[in-house]
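Visitor:
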Amino acid sequence: MKLSIPLLSAPYRAFSLVILAGLAACGPAPAPQGINDPYETENRATHAFNVALDRNILKPLSSGMGGGPVSTGIGNFADNLGTPGDVVNNLLQVRLGRATHNTLRFAINSTIGLGGIFDPATAMGVTEKKTDFGETLHVWGVEEGAYVELPLLGPSTQRDALGSVVDLALDPMNYLLPRPESYVGTMAKLAAKLGDRGRYSATVDSILYDSADSYIQARLLYLQNRRYELGQTSGESASFEDPYEDPYGQ
Amino acid sequence: MDNDFTQISRRRFAAGFALGSVALALPLPLRALTVDEARALVDKAVGDINKVINSGKSETAMYGDFERIFSKYSDVAVIARSALGPAAKSASSGQMNAFTKAYQGYISRKYGRRFREFIGGTIEVTGAQPVKSYYEVISVAHLKGEAPFDLRWHVSDKSGRNLFFNIIIEGVNMLASERAEIGAMLDKRKGDLDALIGDLKSA
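Rendered as C-alpha cells:
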C-alpha cells in the first residue's frame, strides 16, 4: 500500500473514517525475518555518538536516580502525558477497545492519580498499553524497512523513525496545553528518561559497555523486541531455534 | 526519546535470562508436562534462587551456586556449541570441551551478576505447548516495581534428558543474543578460539 504525503502533513484533516477503514482493511505487513541493515556504516557512526553521549552525559547525570518516589512520580507524570497520544494512535489503528482502555486510564490517573503523579489505574487493572505511530503504520501494512540507529533516540527502523516524527506532531498535548505548560511536559519526559537510565543502569551498562559489540547487541534486542511488541513473533516461527537440528546456527 | 536504550532495558533481559535459566533448571517430565507441573517446578526453582540470594553469601559464592544449577539442568554443551556458531565446525574436540567449560563459567557470572535485581520476584507459569521438536513453557514474570513481562523456556529431551536450551524474553532470544556476542568476541580476536577460551575464563 502507499501512504500519500498530504496525509502526513495534515494529519488531523486527512484522517477521515473512510480512509481509516480502508487503511485498516489492508492488514498488517508480513512478519519480517532476519536483519536488514544496509546503512550499517552510518548506523555505527551514530551508535558511537549515542554511546559517547550516554557515557559523558546521561550516565553521570542519572547515577543514583531511579527507584525513589520522586523519580517514580516523574515517570508516572510523563507516562500519563503520553497517554492521549496513545489514544490517537489507537483510533488510527481502529483498535477501539484499546482506545477506550487508554482513555479510561488517562481519566483515572489524571484525577484520582493527582494529575498523573500516581498510577492508581494499574492497581485497578487498567494497565499501561503503550503504542506509537510506528505501530499504526504497521497496522496499516507498512513494512519495517531497514534498521536505523537515530541520534538520541537510539535503535529504530525506517518505519518506526517516521513514526517517531509523526508522534511528535500527533501528540494532542502539544495543542491542548498553552506554551509554558507544555514545556513542563517535555521536561518531565526528559527527566523520566534520566530516571529510567538510572533505574536500569545495570542493564543498559551491560548492553552498551560490557558487550563485545554493543551495536550488534542493541540492534538484535531492538528488532526482536519490536517484532514481539507488534505481534509478529507469536507462534513458533520467529523465536524458533533448534540447536539440536542445526547446532552451528545459521 | 521513545526508542531509547532504556526502553530496551525496561524489559529486564539479563535479569530475566538469569531467572529463567534457574527456573527452568529442573528436569521436566516432557510427555506428561502439564501447566500445574510446570508451575510447581518453576515455583520450586524460584524458591531455590531466593534461597541463594538470601543466603548472605558473597556474590562470588553465588556465581558458584548458579553455575552448579546451570550445568545440572541445562544442556550446556548444546548452548555453548550454538553460541560459538560456525566456528564450532572447525574446532577440535579438545577445544570444544575447553570452550564449553569456559563458557559455562562465563555465562554463570554474566547472569549471576544480575541476581539481586529480582529479589522478591515471582514467575507464574500460564501454559506449556509442543513447538516442532521441543516444548515451550510460557510464563509471566513479575519483578518488584516492574510491569509483568513474558518469559518462555524451551525444553528438549534430545540430549537423552529433559534439559532447557533457550529462553525467550518478550521476543528476545537468548541463543541468538549469545551467538552475536560470542561471534563478536571471536572477531575481536581474529578468529583465535584458544585466545577466546582463555579470555572467557576471566570475563
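As they're listed, the protein sequences go chains Z and W.
Residue numbers 236 to 485, in this note's numbering, belong to the letters of the first sequence in order.
Residue numbers 661 to 863, in this note's numbering, belong to the letters of the second sequence in order.
Note that beta-carbon positions come from the ideal geometry of N, C-alpha and C, so glycine has one too.
All of these numbers come straight from a predicted model, not from anything done at the bench.
Can you round the beta-carbon distance between A423 (chain Z) and L296 (chain Z) to whole angstroms, since I take them to be within the 8 Å contact cut?
Guide: Actually they do not touch by this definition, with Cβ atoms about 16 Å apart.
Visitor: Since I believe L823 (chain W) is in contact with D735 (chain W) (beta carbons under 8 Å), could you give me their beta-carbon distance rounded to a whole number of angstroms?
Guide: 4 Å
Visitor: On the three-state DSSP scale, how would you describe Q789 (chain W)?
Guide: strand
Visitor: Ignore the nearest five residues each way along the sequence and tell me which others in L455 (chain Z)'s own chain have a CB closer than 8 Å to its CB.
Guide: I270
Visitor: Rank W:S753, W:G754, W:A748 and W:K761 by C-alpha distance to the C-alpha of R728 (chain W) and give the top, closest one.
Guide: W:K761
Visitor: Which two residues bound the contiguous beta strand (DSSP E) that contains G348 (chain Z)?
Guide: It is not in any beta strand (DSSP E) - G348 (chain Z) carries neither H nor E in the DSSP assignment.
Visitor: Near T318 (chain Z), what residues of its chain come up, given a Cβ to Cβ distance below 7 Å and the 5 sequence neighbours on each side ignored?
Guide: N337, R340 and F341
Visitor: Can you name, in chain order, every residue of its own chain whose Cβ lies under 7 Å from the Cβ of E841 (chain W), other than the five neighbours on each side?
Guide: Nothing listed; no residue qualifies.
Visitor: Considering only their Cβ atoms, is the gap separating L803 (chain W) from I829 (chain W) smaller than 9 Å?
Guide: no
Visitor: Beta carbons nearer than 9 Å to chain W: which residues of the segment 338-363 of chain Z have them?
Guide: T357, T362 and E363
Visitor: What is the residue span of the beta strand (DSSP E) that L823 (chain W) lies within?
Guide: L823 to I829
Visitor: So T468 (chain Z) contacts chain W; which residues on that side make the cut at Cβ distance below 7 Å?
Guide: G831
Visitor: Does the pairing of the segment 300-314 of chain Z with the segment 404-413 of chain Z give three or more beta-carbon distances under 8 Å?
Guide: With a cut-off of 8 Å, the segment 404-413 of chain Z and the segment 300-314 of chain Z do not count as touching, because too few Cβ pairs lie within range.
Visitor: Could you spell out where the alpha helix (DSSP H) holding D859 (chain W) opens and where it closes?
Guide: L853 to S862
Visitor: For the beta strand (DSSP E) that contains Y274 (chain Z), what are its first and last residues?
Guide: That residue, Y274 (chain Z), is in no beta strand (DSSP E); it is neither H nor E in DSSP.
Visitor: What does E480 (chain Z) touch in chain W if you count any residue whose Cβ is under 8 Å from its own?
Guide: Residues of chain W whose Cβ lies closer than 8 Å to the Cβ of E480 (chain Z) are, in chain order, S793.
Visitor: Between which two residues does the alpha helix (DSSP H) containing T307 (chain Z) stretch?
Guide: P304 to L327
Visitor: Using a Cβ cut-off of 7 Å, which residues of the segment 440-454 of chain Z contact any Cβ in chain W, in chain order?
Guide: S441, I442, L443, S446, A447, D448, I451, Q452 and A453
Visitor: Using a Cβ-Cβ cut-off of 9 Å, state whether V736 (chain W) counts as contacting chain Z.
Guide: So no, V736 (chain W) is outside the interface.
Visitor: Would you decide whether D854 (chain W) is buried or exposed? Buried here means 16 or more other CB atoms lie within 10 Å of its CB.
Guide: exposed
Visitor: By how many angstroms is the C-alpha of V286 (chain Z) removed from the C-alpha of V439 (chain Z)?
Guide: 11 Å
Visitor: Is any beta-carbon of chain W found at less than 9 Å from that of D477 (chain Z)?
Guide: yes
Visitor: Of the residues Z:E480, Z:G360, Z:L425 and Z:T335, which one's Cα is nearest the Cα of S816 (chain W)?
Guide: Z:E480
Visitor: Determine the DSSP secondary structure at N833 (chain W), reduced to helix, strand or coil.
Guide: N833 (chain W) falls in the strand class under three-state DSSP.
Visitor: Along the chain, where does the alpha helix (DSSP H) that runs through A748 (chain W) open and close?
Guide: Element bounds for A748 (chain W): A747 to S750.
Visitor: Could you tell me whether the Cβ of A807 (chain W) comes closer than 9 Å to any Cβ of chain Z?
Guide: yes
Visitor: Tell me the DSSP secondary structure of I842 (chain W) in three-state form.
Guide: helix
Visitor: Spell out whether any CB of chain W is found under 9 Å from the CB atom of Y274 (chain Z).
Guide: no
Visitor: Quick check: what's the CA-CA separation for D488 (chain Z) versus K818 (chain W)?
Guide: Residue 488 (chain Z) lies beyond the stretch modelled for chain Z, which goes from 236 to 485, so this question has no answer here.
Visitor: At a Cβ threshold of 9 Å, is T281 (chain Z) touching chain W?
Guide: no
Visitor: Below 9 Å between beta carbons: does that hold for R839 (chain W) and S441 (chain Z)?
Guide: no
Visitor: Are any of the Cβ atoms in chain W nearer than 9 Å to that of A437 (chain Z)?
Guide: yes
Visitor: Along chain Z, in chain order, which residues have C-beta atoms closer than 7 Å to that of L811 (chain W)?
Guide: The contacting residues do not exist; L811 (chain W) stays about 12 Å from chain Z at best.
Visitor: Compare the C-beta of S816 (chain W) with all C-beta atoms of chain Z and state if any pair is closer than 9 Å.
Guide: yes
Visitor: Look at the Cβ atom of F368 (chain Z), then the Cβ atom of G398 (chain Z), and state whether they are nearer than 9 Å.
Guide: yes
Visitor: Would you say R728 (chain W) reaches chain Z, if we count a Cβ-Cβ gap shorter than 9 Å as a contact?
Guide: no
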